[in-house]
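Presented below is the structure to which this report refers.
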Amino acid sequence: MTTTAHDLPKQSQRQRSKRIELAIVPGRSLGPFRLGSSLWDNLNFLLEKSQYFPSVELKYSSEDPLLYDFIIALPYNGLHLRYDGSLQRLKSIECYDPSKVKLVYQNNDVSSSRTIPTFLLIYKSFGPTYPGEFDASQSVYTLKYPGLAFTFPIPTKHTSLYKSSSDLPLEFPDGTTPIASKVILYSNSNSWQQASTPSLPKVIAESNASKSTRYGKIERREVESVIAKPDKGITLVFPTISHSDTGGTNKSNNQSAADGSSNLDEAGSDSNSSEGGVNKNSISNTVNTFIHNRTVSIQLHVSTPQDILAELGKPSRIFYKEEDKMKIHSNYDHNNNSFTSNSYPFELSTTETATLTTATTLDDKGAQPTDYFFNYFHLGIDILIDGALHVCKKIVLHGNIPGHYDFQKYKRCPFQITFPKKQKKNKKDTSILVDVYVEDEEIITADMKIQTIQERIPWNDSNIIKENGQKKPVILTRGSSEQNPFGSTYLTGNDQGIVMEVMKNGCVPTVVLF
1 MTTTAHDLPK QSQRQRSKRI ELAIVPGRSL GPFRLGSSLW DNLNFLLEKS
51 QYFPSVELKY SSEDPLLYDF IIALPYNGLH LRYDGSLQRL KSIECYDPSK
101 VKLVYQNNDV SSSRTIPTFL LIYKSFGPTY PGEFDASQSV YTLKYPGLAF
151 TFPIPTKHTS LYKSSSDLPL EFPDGTTPIA SKVILYSNSN SWQQASTPSL
201 PKVIAESNAS KSTRYGKIER REVESVIAKP DKGITLVFPT ISHSDTGGTN
251 KSNNQSAADG SSNLDEAGSD SNSSEGGVNK NSISNTVNTF IHNRTVSIQL
301 HVSTPQDILA ELGKPSRIFY KEEDKMKIHS NYDHNNNSFT SNSYPFELST
351 TETATLTTAT TLDDKGAQPT DYFFNYFHLG IDILIDGALH VCKKIVLHGN
401 IPGHYDFQKY KRCPFQITFP KKQKKNKKDT SILVDVYVED EEIITADMKI
451 QTIQERIPWN DSNIIKENGQ KKPVILTRGS SEQNPFGSTY LTGNDQGIVM
501 EVMKNGCVPT VVLF
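Start counting the sequence shown at 1; every next residue gets the next number (UniProt numbering).
See below:
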């Protein structure tokens, strides 16, 4: 595994780090960093608050960025933020140098310029707990609370006292007491080493329940999954939280959610959703909190801009296409020396200059209506609207993979691409459309590499892309090596409604449905 670290842009190299105050909420958050929050949101926050976080480093595996965890290192603040590589959500927070920040728990200082985080102070502040664990190989004692751990280096001359004893190292025989070297927050585990990301509905419920605006709150709907079907469109699944003051039944809460009382319903009613809005099977999360799944469907060649705005709200940006750099591939068949339609329909939805190694131009016979994109950066999707018909023409799903040109422009889209189930009958293939989910071998997820994807897509032999086939991948470059140090990518796909962009490591950062 190769680890790559990138320094994110700094507004001023001369700015000095200000000592920040971070409130400890065990199992939930450390200051503005909430467990389960997205990499995209946190990086944007760090860039906006560069006066407090002057140095930001992102560490990841360049060969398998989705298989291993990401780490955001904040050296000036003594913090490590660890993210699940596939979900890109925060799973643990490590303060490896408490002297660089001010730590507060229930309005009491745990570590500051005047307070040293000794074992006695922490035990007094957080209360009694079970005996900790002593690692003799590293001479480190770990004291654990639910969702919180403190590590204390033990001097070599005192290690024998704790190898076979359950006593707490409150005080050494010489009268000194251990000082905490690390403070670690985590969730869903008895050990921070095995910490996992909290569920998205839990994150939403805790965020909505929080009354604090000290660090700011992002009032956006969070998408849990995006079910995509080539030739058809996508279905977005939004976890929605509703509350009952009377502790009523699930049925009454379902009715209130169906009436639009959900506190996450920001974009209007779901009357146009083909999936029926609220899932009838509500899950009771706490005594008075219920979780529902609200679905929104965007259909290719059917959904209008009005439908999309009603379901998803105002886009982050509307971008009008000025040119189509894939036009030569979508209009000309080199084998038959004739023009065809949609033989390679990939769209570029960003304002940056993007060129193809085979770039040429075709003269337009007349002015054509301008297509335009609805960019939803916080959902990780773009929707191309036909300039003449004003219906959804194409949908672009973004994986937000580090090492890609568009990294951090879009939040990671948690897409799953499903295909009709193939069955052989009388030596003929028959397609059976399954509503949302199909068997595992016919599902493509956002963390799969291109080799696995090509094996799972049930393409016809005459259309499948092969290295020695009739259609070769199209090379896509985005400027010089100075403008794009990550190098070129290539496009692969066919006429069955899907085109994928592929990186050199085999990851798929972009999928286009048409």
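Each residue gets a CB set at the ideal place from its N, CA and C atoms; glycine is no exception.
Residue i - DSSP class collapsed to helix/strand/coil
i	result
tyrosine 123	helix
alanine 310	helix
asparagine 505	coil
threonine 350	For threonine 350, the predicted structure reports a pLDDT of 44, less than 50, and the residue's modelled location is therefore unreliable. The matter cannot be settled from this model.
histidine 301	coil
isoleucine 443	strand
alanine 73	strand
lysine 466	Note that lysine 466 scores 48 on pLDDT, short of 50, meaning its location in the model is unreliable and no value can be drawn from it.
glutamate 206	helix
histidine 390	coil
lysine 157	helix
leucine 143	strand
proline 98	helix
proline 26	coil
glutamine 416	strand
proline 239	strand
leucine 476	strand
residue 515	Residue 515 lies beyond the range of the chain shown here (1 to 514); nothing can be said about it.
isoleucine 498	strand
Nearest neighbour of residue i, chosen from the options [CA to CA]
i	options	result
histidine 378	Phe238, Asp307, Tyr123 and Met500	Phe238
threonine 489	Val499, Gly497, Gln496 and Val474	Val474
leucine 87	Ala388, Leu200 and Ser111	Leu200
arginine 114	Glu133, Lys124, Pro98 and Tyr162	Pro98
valine 56	Asp84, Leu39, Ser62 and Gly506	Leu39
lysine 202	Asp406, Ile498, Tyr405 and Gly27	Gly27
lysine 321	Leu309, Asp307, Ile291 and Phe374	Phe374
residue 587	Thr445, Ser29 and Gly380	Given that the chain is displayed from residue 1 to residue 514, the structure contains no residue 587 and the question cannot be resolved.
leucine 79	Phe486, Val183 and Lys394	Val183
Exposed unless 16 or more other CB atoms sit within 10 angstroms - verdict on residue i
i	result
asparagine 400	buried
arginine 34	buried
leucine 131	This sequence places proline at residue 131; leucine is not what is there. Exposed is the call here.
leucine 315	Checking the sequence shown, residue 315 turns out to be proline, not leucine. Looking at its Cβ environment, which holds 16 or more other Cβ atoms inside 10 Å, proline 315 is buried.
glycine 127	exposed
lysine 504	exposed
aspartate 174	exposed
residue 526	One cannot answer for residue 526 here, as it falls past the ends of the chain, which runs 1 to 514.
proline 369	exposed
residue 527	Outside the shown range of the chain (1 to 514) lies residue 527, about which nothing can therefore be said.
asparagine 293	buried
isoleucine 318	exposed
aspartate 41	buried
residue 522	The structure shown does not extend to residue 522, since the chain is modelled only from 1 through 514, so no value can be given for it.
lysine 124	exposed
glutamine 416	buried
serine 187	buried
glutamate 48	exposed
glutamate 222	buried
valine 60	Looking at the sequence itself, residue 60 is tyrosine, so the reference to valine does not match. Looking at its Cβ environment, which holds 16 or more other Cβ atoms inside 10 Å, tyrosine 60 is buried.
aspartate 135	exposed
proline 402	buried
threonine 156	exposed
leucine 389	exposed
leucine 67	exposed
leucine 170	exposed
lysine 163	exposed
proline 146	exposed
aspartate 167	exposed
asparagine 77	buried
Residue range of the alpha helix (DSSP H) that includes residue i
i	result
isoleucine 453	450 to 456
glutamate 57	No alpha helix (DSSP H) contains glutamate 57, which is instead part of the beta strand (DSSP E) from 57 to 61.
aspartate 41	39 to 48
Where the beta strand (DSSP E) containing residue i begins and where it ends
i	result
asparagine 375	372 to 376
aspartate 135	133 to 135
alanine 149	148 to 153
tyrosine 405	Looking at the DSSP string, tyrosine 405 is not in any beta strand (DSSP E), and its letter there is neither H nor E.
glycine 225	Correcting the residue type first, residue 225 is serine in the shown sequence and not glycine. Taken as a continuous stretch (DSSP letters only), the beta strand (DSSP E) holding serine 225 covers 225 to 229.
leucine 79	79 to 83
aspartate 109	108 to 111
leucine 185	182 to 186
CB-CB length for residue i against residue j, believed under 8 angstroms
i	j	result
leucine 491	leucine 513	No, leucine 491 and leucine 513 are not in contact; Cβ-Cβ is about 14 angstroms, not under 8 angstroms.
isoleucine 450	valine 396	With 8 angstroms as the limit, isoleucine 450 and valine 396 do not qualify as a contact, their Cβ atoms being about 17 angstroms apart.
tyrosine 105	isoleucine 24	5 angstroms
threonine 197	arginine 89	5 angstroms
tyrosine 405	arginine 478	5 angstroms
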